[in-house]
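Chemist: Dropping the structure in here first, questions after.
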Amino acid sequence: MNNRILLDYLAELSANNNREWYHAHKKENKEATAQFEELVQRLIYGIGTFDQSVLHNIPKELTFKLVRDTRFSHDKSPYNPSFRAHISSMGKLPVPVGYYVMIKPDGGTFLGGGLFADMFSSATGMVRDYIAAHPDEWNDIFSAQEFNKYFTVKGTALKNVPAGYDKEHPQAEYLKYKSWYLEYFLSDEEVCDEAFLQKSVEIFKAMKPFNDFLNKALKEFKMPER
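Take a look at the structure:
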């Protein structure tokens with residue numbers, strides 16, 4: 000496995016973000032895609048040592064396309080120069096939450112987890128309700144040494160605690176959130192280091208209690224029908 004191939008291809012795509020270059024370099028795309036799928040497979044095996052619910056996944060079914068949907072975007076560049084995958088018990092769906100990896104040059108690579116999508120109002124309500132009902136369990140996650148070694152919780156948030164929730168609640172600050180997620184960024188040097196896979200698995204293991212909490216909150220969530 001050679002992660003430098005991923006970074007080099009993505010850097011070239013970023014510098015030549017047009018259909019002509021993309022189609023002229025199908026060979027490089029195929030090679031980089033194969034390398035990324037191999038990385039995802041190894042991550043599945045590594046995560047599977049502490050979370051067996053992901054072991055049934057097939058790498059190519061977890062990855063996202065490089066092609067961008069530009070219909071509603073001011074940025075009309077046709078490609079997103081990053082390799083991305085979401086590894087969970089239900090594949091790459093945003094819920095249940097799982098383990099997200101994005102490979103992007105110039106320090107854009109990160110390992111993530113949690114609920115990124117705040118467009119699902121019902122999911123937001125479920126998580127808020129669960130935090131409100133289990134403040135000590137939520138606090139225990141953040142007080143864990145391994146968690147604090149890598150993470151702080153991020154997410155879009157309201158200015159005030161929403162109506163229906165106690166403003167004096169011990170987790171009031173987190174009740175303002177509409178999404179709750181984690182990101183751990185890595186340099187290009189770390190991505191190309193031999194220890195990248197081992198470190199990634201270690202980081203994902205540290206975020207598992209956070210994911211577990213959210214998935215308990217989202218147990219009854221149903222993806223909206225298109």
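Position 124 (the sequence shown) corresponds to 123 in numbering that gives the first Met the number 0; numbering is contiguous.
For every residue, glycine included, the Cβ atom is placed at its ideal position computed from N, Cα and C.
Computed from a predicted model, the values in this text were never measured in an experiment.
Whose C-beta lies closer than 6 angstroms to the C-beta of residue 84 among residues of the same chain, with five residues either side of it excluded?
Modeler: Same-chain partners within the cutoff: 39, 61, 62, 100.
Chemist: Between the Cα of residue 221 and the Cα atoms of 52, 10, 93, which residue gives the shortest distance?
Modeler: Of the listed residues, the one whose Cα sits closest to residue 221 is 93.
Chemist: CB residue 50 to CB residue 207, shorter than 8 angstroms?
Modeler: In contact: residue 50 and residue 207 (Cβ atoms closer than 8 angstroms).
Chemist: For residue 157, which residues from the same chain have a beta carbon less than 6 angstroms from its beta carbon, with the 5 sequence-adjacent residues on both sides left out?
Modeler: Excluding residues within five positions, the ones whose Cβ falls inside 6 angstroms are 175.
Chemist: For residue 130, count neighbouring C-beta atoms within 10 Å of its own C-beta (all shown protein chains included) and say buried if the count is 16 or more, exposed if not.
Modeler: Looking at its Cβ environment, which holds 16 or more other Cβ atoms inside 10 Å, residue 130 is buried.
Chemist: Could you tell me whether the stretch 123-137 touches the stretch 159-177, where touching means 3 or more Cβ pairs closer than 8 angstroms?
Modeler: Result yes; three or more Cβ-Cβ pairs closer than 8 angstroms.
Chemist: By the 10 Å Cβ neighbour count, where 16 or more other Cβ atoms means buried, how is residue 106 classified, buried or exposed?
Modeler: Counting Cβ neighbours within 10 Å, residue 106 comes out exposed, since fewer than 16 surround it.
Chemist: On a Cα-Cα basis, can you pick out the residue from 71, 82, 73 that is closest to residue 59?
Modeler: With distances taken between Cα atoms, residue 59 lies closest to 82.
Chemist: In angstroms, rounded to a whole number, what distance separates the CA positions of residue 74 and residue 190?
Modeler: Taking the straight line joining both Cα atoms gives about 28 angstroms.
Chemist: Scan the stretch 149-221 and note each continuous alpha helix (DSSP H) run of 4 residues or more that stays entirely inside, going in chain order.
Modeler: As far as the stretch 149-221 is concerned, its whole alpha helix (DSSP H) runs of at least 4 residues are 171-174, 187-191, 195-216.
Chemist: Could you give the distance in angstroms between the alpha-carbon of residue 16 and the alpha-carbon of residue 77?
Modeler: Going by the C-alpha atoms only, they are around 7 angstroms apart.
Chemist: In whole angstroms, what separates the C-alpha of residue 13 from that of residue 210?
Modeler: Looking at the two C-alpha atoms, the distance is approximately 32 angstroms.
Chemist: Select from 202, 138, 9 the residue whose C-alpha is nearest the C-alpha of residue 66.
Modeler: When each option's Cα is compared against that of residue 66, the closest is 9.
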